[in-house]
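In the numbering used here, the protein residues as written are 1 to 244.
Positions of the beta carbon are idealized from the N, C-alpha and C atoms, including for glycine.
Note sheet for the following structure.
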């Protein structure tokens with residue numbers, strides 16, 4: 001049997017500092033394989049590990065993954081329960097590996113609405129990896145960009161009412177400090193899998209000037225080479241930020 005070819009690790013001159021990914025297509029991949037949707041989510045978790053490893057190889061500083069949206073609560077209860085169980089198991093099984101690979105875990109979203117077991121596992125994983133200074137892996141959980149902006153407005157109003165902020169001084173930079181992502185730079189590159197051409201309420205404020213790459217592959221089949229190709233495409237683009 002021929003040896004499986006290992007993914008190439010290309011030399012890329014312009015590596016994005018922050019990459020955000022809409023991991024789409026787990027369910028459709030499973031349907032095409034004749035498997036239950038939950039198996040698609042398990043396969044998607046394996047892709048997360050591969051992409052995080054690829055980020056480490058390229059020197060990407062931040063990776064934000066759209067893991068569970070605020071709209072995903074509309075799915076069948078059985079699928080939601082399976083997703084929460086998978087999240088808890090992923091955190092418990094991968095924390096040592098993340099620590100070994102110098103990955104710092106973070107999370108954004110309305111996290112207090114997650115099941116208690118998931119919150120505990122998330123808190124423990126974040127705490128155990130807090131001193132790592134390699135890749136920062138940010139999971140967007142119970143996340144919605146519109147909700148984030150609303151929460152940001154509420155935070156601004158509280159600061160104004162408490163006399164901590166003059167409304168006349170409010171600008172995009174100050175407002176950004178009231179968002180879930182205030183500790184991180186805006187994404188340079190947004191990747192979406194499964195060929196869908198929409199943003200799906202993800203980081204609407206932060207991706208104003210992000211480059212976007214769409215892959216036709218479902219997330220479970222999105223491998224290291226696909227990730228490298230997306231980063232290579234980004235590196236060939238000129239970012240003008242509205243200028244010439």
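message = Once the 5 residues before and after residue 38 are set aside, which same chain residues still bring their CB inside 6 Å of it?
response = 82
ask   = Which class does residue 234 belong to by DSSP, given the choice of helix, strand or coil?
value = helix
key: From 115, 31 and 190, residue whose alpha carbon lies closest to that of residue 18   = 190
task = Could you spell out where the beta strand (DSSP E) holding residue 211 opens and where it closes?
result = 211 to 214
ask   = Any chance the stretch 149 to 161 sits against the stretch 64 to 81, with 3 or more Cβ pairs inside 8 Å?
value = no
message = As a quick exercise: from 151, 71 and 142, pick the residue whose alpha carbon is nearest that of residue 177.
response = 151
task = In the DSSP assignment, find the alpha helix (DSSP H) that holds residue 78 and state where it starts and stops.
result = 77 to 100
query = Can you round the beta-carbon distance between residue 247 and residue 22 to whole angstroms, since I take them to be within the 8 Å contact cut?
reply = Here the chain covers residues 1 to 244 and nothing more, so residue 247 does not appear.
query = How far does the beta strand (DSSP E) with residue 108 in it reach, from first residue to last?
reply = 104 to 108
Residue 95, buried or exposed, once every other Cβ within 10 Å from all chains shown has been counted against 16 = buried
message = Relative to the C-alpha of residue 47, which candidate in 221, 34 and 238 has its C-alpha closest?
response = 221
key: Selection from 119, 32 and 123 that minimises the alpha carbon distance to residue 104   = 123
inquiry  = Looking only at its chain, what residues have a beta carbon closer than 6 Å to the beta carbon of residue 51, apart from the 5 residues adjacent to it on each side?
reply    = 227
query = In the structure shown, what three-state DSSP assignment does residue 64 receive?
reply = strand
message = What does the alpha-carbon distance come out to for the pair residue 209 and residue 186?
response = 9 Å
Assigned secondary structure, residue 199 (DSSP; H/G/I helix, E/B strand, else coil) = coil
message = Once DSSP output is grouped into helix, strand and coil, what is the label at residue 181?
response = coil
message = Am I right that residue 224 and residue 54 are in contact with their C-beta atoms under 8 Å? What's the rounded C-beta distance?
response = 5 Å
message = Helix, strand or coil, according to DSSP, for residue 37 in the structure here?
response = helix
message = On the criterion of 16 or more Cβ atoms from any shown chain inside 10 Å, does residue 242 qualify as buried, or is it exposed?
response = exposed
CB contact flag (residue 68, residue 142, <8 Å) = yes
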